[in-house]
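What follows is a short report on a single structure.
Protein chains: 2
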Amino acid sequence: MDAALKALAEPRRRAILRLVWSQELPATDIADRFADVTRPAISQHLAVLKDAELVTERRDGTRRLYRANTDTMAELRAFLDDYWTSGLERLRDAAEAAETRKRQTKKGRK
Amino acid sequence: MDAALKALAEPRRRAILRLVWSQELPATDIADRFADVTRPAISQHLAVLKDAELVTERRDGTRRLYRANTDTMAELRAFLDDYWTSGLERLRDAAEAAETRKRQTKKGRK
DNA sequence: GAAATTAGTTAGTTGACACTTACGTAAGAT
DNA sequence: ATCTTACGTAAGTGTCAACTAACTAATTTC
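These protein sequence lines are chains A and B, in that order. To convert, note that position 86 of the first sequence is 85 in numbering that gives the first Met the number 0; the numbers rise steadily by one, no gaps. To convert, note that position 92 of the second sequence is 91 in numbering that gives the first Met the number 0; the numbers rise steadily by one, no gaps.
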C-alpha cells in the first residue's frame with residue numbers, strides 16, 4: 000500500500016496508469032506515447048507499477064499487455080479516505096501528543 | 000498539487016501530518032514523538048509539508064505552531080477522486096492510444 | 001534455423017532526498 | 001547583558017530512483 004502511494008507520486012507513472020485505465024495496452028504502444036523517454040525507462044516504470052500491484056501483466060506471444068488493477072486502486076482510495084475522514088486515530092494521537100508536551104521529562108535523549 | 004502527493008509519499012510526513020491533523024502543535028512536541036530521528040530532520044519535513052501547503056505555520060513567541068491545512072487536503076482528495084472516477088479523459092486517452100497502435104507509421108523516431 | 005519483433009535486464013551516471021552534525025537566530029527568562 | 005529555549009539553516013554523507021546505452025531472452029515469420 001505504501002508502494003502504491005510512492006508509485007503514484009511520480010507524474011510519469013500516473014500518466015502511464017491513465018493510459019491503461021480503461022484499456023489493455025502492449026508496452027511498445029505505451030512507450031510510443033512518450034517521446035521524451037526511451038522504451039527501457041517505460042519498461043522500468045511498468046515494473047514499478049506491477050510491483051505495487053497497480054497494473055496487471057498478461058502475456059500474449061511476444062507482447063505483454065498491461066492494464067490498471069482497479070482493485071488495488073480501490074484499496075488505496077479506501078486507505079486515503081480513512082486517512083482523512085476517520086478522526087478516531089487522529090484524536091488519540093493528538094491526546095498522546097498533548098501528554099508528551101505536558102510531560103517533557105524526556106530530557107536526556109543522549 | 001503534485002508537491003502534495005509527493006510529500007505524502009513519505010511515511011514520516013504522513014505520520015507528522017496525522018499528528019497535527021486535529022490539533023496545533025509546536026515543532027518540538029512533534030519531534031519528541033519520533034525517537035529515531037533528530038529534530039532538524041523533522042524541521043525539514045515540516046518545511047516540505049509547508050511548501051506543499053499541507054500544513055500552516057503560526058508563530059507564537061519562540062515557538063512555531065503547525066496545523067494540517069484541510070483545504071489543500073480537500074483539493075488533493077478531489078484531484079484523486081477525479082483521477083479515478085471520471086472516465087472521460089481516460090476514454091479519450093484510450094482512443095488515442097488505440098489509434099497510435101493502429102497507425103504504427105511512427106516508425107522513424109530516429 | 002535465421003531474422004525480425006517485442007520486451008525485460010544490466011551497468012553506469014546523475015540527481016534527488018532523508019538524514020546527521022554543527023551553527024545561527026530570535027524571543028523570553030534571569 | 002547573558003543564558004536558555006525553540007527553532008531554522010548549512011554543509012556533508014549515504015542511499016535510492018530515474019534515466020540511457022548496450023545486451024539478452026522469448027516468440028513469430030520466412
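C-beta: ideal position from N, C-alpha, C; glycine also.
With at least 16 other beta carbons inside 10 angstroms of its own, Q22(A) counts as buried. Taking all protein chains shown into account, V36(A) has fewer than 16 neighbouring C-beta atoms within 10 Å of its C-beta and is therefore exposed.
With the rule of 3 Cβ pairs closer than 8 angstroms, the stretch 41–50 of chain B counts as touching the stretch 1–15 of chain B. Contact of P10(B) with chain A by beta-carbon distance below 8 angstroms involves D1. Nearest CB-CB separation between R57(B) and chain A: not below the 8 angstroms threshold. In this structure, P39(A) keeps its C-beta atom at 8 angstroms or more from the C-beta atom of D1(B). CA-to-CA, the gap between M72(B) and Y82(A) works out to about 11 angstroms. In the DSSP assignment, V54(B) falls within the unbroken beta strand (DSSP E) covering 54–59. Within the stretch 37–50 of chain B, no residue places its CB atom closer than 7 angstroms to a CB of chain A.
Sixteen is the threshold: since fewer than 16 other Cβ atoms of the shown chains lie within 10 Å of the Cβ of D70(B), the residue is exposed. As DSSP reads the structure, R62(A) sits in a beta bridge with D59(A). Residues A26, A30 of the same chain have their beta carbon placed closer than 8 angstroms to that of S42(B), with the five preceding and five following residues left out of the count. Ranking R66(A), R58(A), R62(A) by CA distance to the CA of R13(A) puts R66(A) first. The criterion of a C-beta distance shorter than 8 angstroms is satisfied by L45(B) and I15(B). L7(B) belongs to the set of residues whose beta carbon lies under 8 angstroms from a beta carbon in chain A. In this structure, the CA atom of F33(B) is about 17 angstroms from the CA atom of W20(B). At least one CB of chain A lies nearer than 8 angstroms to the CB of R76(B). CA-CA distance, R17(B) to D28(A), rounds to 41 angstroms.
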